[in-house]
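J.: In the numbering used here, each residue's number is its place in the sequence shown (first place is 1) plus 510.
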Amino acid sequence: MTARIYLDWNATAPLRPEARRAMVAAMDILGNPASVHAEGRAARAIVERARMQVAAAADADPEDVVFTSGATESAAAALFGRDIDSGGIEHPSVLNWTRASLRVSSSGSVEVEEPARTALQVASGETGIIQNLPKGIAVADATQAFGKIPFSFRESGAECAMVSAHKIGGPKGVGALLTRKSAPAEPLFRGGGQESGRRSGTENIVGIAGFGAAAEAAAEDLEGGAWSGVEELRDFLESALRENAPEIAFIGEGAMRLPNTSCFAARGWKGESQVIQMDIEGFAISAGAACSSGKVGPNAALLAMGIDDSLARSAIRISIGPSTFREDVSQFAKKWITCYKRRQMRGRAGILRTEAQQA
């Protein structure tokens with residue numbers, strides 16, 4: 511059986527070995543992090559070590575890190591009950607709490623009017639487009655940028671930011687809200703007062719341990735230049751596709767993008783059909799955000815950029831990472847081009863049959 515090739519890192523990145531080891535070790539820790547006895551202190555030590563690791567990776571103070579179940583919970587905690595504007599390209603976890611009133615340009619940039627009452631993604635997980643984050647933004651969604659490009663919570667001046675473990679090779683179901691003490695974020699969960707009263711509930715020490723280890727490893731990858739090689743692979747992919755199918759449209763081409771993300775569209779070939787076809791061929795890709803998987807319709811973020819409905823419905827996303835091989839990308843490009851040209855030939859044959867029947 512031919513090995514499958516995973517090209518959907520923006521949905522979830524493969525679990526890092528460092529995270530796996532940290533999680534396995536944490537499973538043997540008996541205590542509750544809130545307990546004062548030796549077992550409880552051992553559990554608390556795991557949580558606090560991870561807090562320092564995540565803070566270092568995000569250039570934040572450890573006391574700014576509040577562990578949550580993921581970026582969606584973090585967004586809700588940061589935005590609940592607030593009057594916040596956003597652009598239509600934001601993730602649904604942000605759009606559900608904000609007013610999508612800000613103009614989005616055809617290049618994917620959001621025109622921010624009042625940073626102090628705006629939520630803005632640092633980078634799009636669907637197109638890879640990187641935003642110019644103004645100082646003092648109310649809420650910064652750093653979920654896709656974290657670990658792939660430099661992001662400093664300290665220097666951003668943001669009141670709050672969201673990050674997630676599974677986007678950087680940590681476990682699913684754990685993330686963090688980065689929040690300053692002066693931020694108006696209110697705890698969604700009230701109870702035992704964990705996380706300094708900002709997120710009640712016994713901490714998920716196994717997930718948090720994996721998150722911390724993944725954050726540390728991701729920071730080392732970023733500093734070591736691993737994502738430069740990823741960008742070269744992304745550009746290689748786009749060059750191969752462009753050479754063999756010059757009519758396809760690359761979304762965000764010319765804009766600053768995440769080094770691992772390519773969003774492109776072949777008009778008339780629905781994105782979900784491409785995902786199914788490539789899945790059959792052994793490739794895991796996406797037609798947009800993982801939270802929208804299975805929903806038939808055009809990509810809302812692309813529509814917000816002014817891309818027409820037909821093209822938006824035809825878009826797919828390829829997202830790769832440091833452990834993606836050049837051969838993985840090459841095989842995908844060859845198979846996608848083969849399927850695309852075969853489809854074109856069938857389309858032309860259908861037109862000829864129709865013309866013959868009408869003659």
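Glycine included, every Cβ here is placed at the ideal spot set by N, Cα and C.
1. For M562, report the span of its alpha helix (DSSP H) as first-last.
2. Hey, how far is the Cα of E669 from the Cα of A814?
3. Around the C-beta of M672, are 16 or more other C-beta atoms found within 10 angstroms, so that it is buried, or is it exposed?
4. With DSSP as the reference, label A905 as helix, strand or coil.
5. Who are I761's beta bridge partners in DSSP?
6. Per DSSP, what are the beta-bridge partners of T628 in this structure?
7. Using a threshold of 8 Å, state whether the C-beta atoms of Q631 and N520 are closer than that.
8. Under 8 Å by Cβ, that's how I've got G638 and L768 pegged, so tell me the actual separation to the nearest angstrom.
9. Go to A825, then tell me how far its beta strand (DSSP E) extends in each direction, as first and last residue.
10. Would D569 and E665 be called neighbours here (beta carbons separated by less than 8 Å)?
11. Under 8 Å: do the segment 675 to 682 and the segment 716 to 725 share three or more Cβ pairs, one atom per stretch?
12. To the nearest angstrom, report how far apart F774 and G635 are at their CA atoms.
13. If you follow the beta strand (DSSP E) that T582 is part of, which residue opens it and which one closes it?
14. Can you tell which of S584, R554 and I828 has its C-alpha closest to the C-alpha of P602?
15. Check whether the segment 698 to 711 and the segment 601 to 618 touch, using three or more Cβ-Cβ pairs below 8 Å as the test.
16. Rounded C-beta distance between I826 and L747? I'm assuming under 8 Å.
17. Taking the alpha helix (DSSP H) that F746 belongs to, which residues open and close that run?
18. Check the C-beta distance from A565 over to D574 and give it rounded, since I have them as a contact under 8 Å.
19. So, helix, strand or coil for R514, using DSSP?
20. Rounded to a whole number of angstroms, what is the C-alpha to C-alpha distance between G591 and G831?
21. Nearest to E549 by CA position, among V557, I556 and I539, is which residue?
T.: Quick look at the numbers:
1. In the sequence shown, the residue the question calls residue 562 occupies position 52. It spans A548 to A568 - the alpha helix (DSSP H) in which M562 sits, taken as one unbroken run.
2. Here residue 669 is taken as the residue at index 159 of the sequence shown, counted from 1. Here residue 814 is taken as the residue at index 304 of the sequence shown, counted from 1. Between E669 and A814, the C-alpha separation is close to 26 Å.
3. Here residue 672 corresponds to residue number 162 of the sequence shown, with the count starting at 1. That one is buried.
4. It is not possible to answer for residue 905, since the shown part of the chain is limited to 511 through 869.
5. Your numbering for residue 761 matches position 251 in the sequence shown. BP columns for I761 point to C773.
6. Taking the sequence shown and counting its residues from 1, one reaches residue 628 at position 118. Answer is D595.
7. The residue labelled residue 631 in the question sits at position 121 within the sequence shown. The residue labelled residue 520 in the question sits at position 10 within the sequence shown. No; because the gap between Cβ atoms is not below 8 Å, this pair is not in contact.
8. If you number the sequence shown from 1, residue 638 lands on position 128. If you number the sequence shown from 1, residue 768 lands on position 258. Indeed, because the Cβ distance is near 4 Å, the residues count as touching under 8 Å.
9. The residue you call residue 825 lines up with position 315 of the sequence shown. Taken as a continuous stretch (DSSP letters only), the beta strand (DSSP E) holding A825 covers A825 to S829.
10. If you number the sequence shown from 1, residue 569 lands on position 59. If you number the sequence shown from 1, residue 665 lands on position 155. Yes.
11. yes
12. Start at 1 with the first residue of the sequence shown, and residue 774 comes out as number 264. Start at 1 with the first residue of the sequence shown, and residue 635 comes out as number 125. Their backbone Cα atoms lie some 13 Å apart in a straight line.
13. Numbered from its first residue, the sequence shown carries residue 582 at position 72. Unbroken run through T582 is the alpha helix (DSSP H), A581 to L589; no beta strand (DSSP E).
14. Translated into positions along the sequence shown, residue 602 becomes position 92. Closest by alpha carbon: S584.
15. no
16. Mapped onto the sequence shown, residue 826 falls at position 316. Mapped onto the sequence shown, residue 747 falls at position 237. In fact, because the Cβ distance is near 12 Å, the residues do not count as touching under 8 Å.
17. Position 236 of the sequence shown, counting from 1, holds the residue named residue 746. It spans A736 to N754 - the alpha helix (DSSP H) in which F746 sits, taken as one unbroken run.
18. Working through the sequence shown from its first residue, we reach residue 565 at position 55. Working through the sequence shown from its first residue, we reach residue 574 at position 64. Indeed they touch by this definition, with Cβ atoms about 7 Å apart.
19. What you label residue 514 is simply residue 4 of the sequence shown in a count that begins at 1. Reduced to three states, the DSSP call for R514 is coil.
20. Here residue 591 corresponds to residue number 81 of the sequence shown, with the count starting at 1. Here residue 831 corresponds to residue number 321 of the sequence shown, with the count starting at 1. If you take the alpha carbons of G591 and G831, they lie about 37 Å apart.
21. The count along the sequence shown starts at 1 and reaches residue 549 at position 39. Selected option, being the one with the closest Cα: I539.
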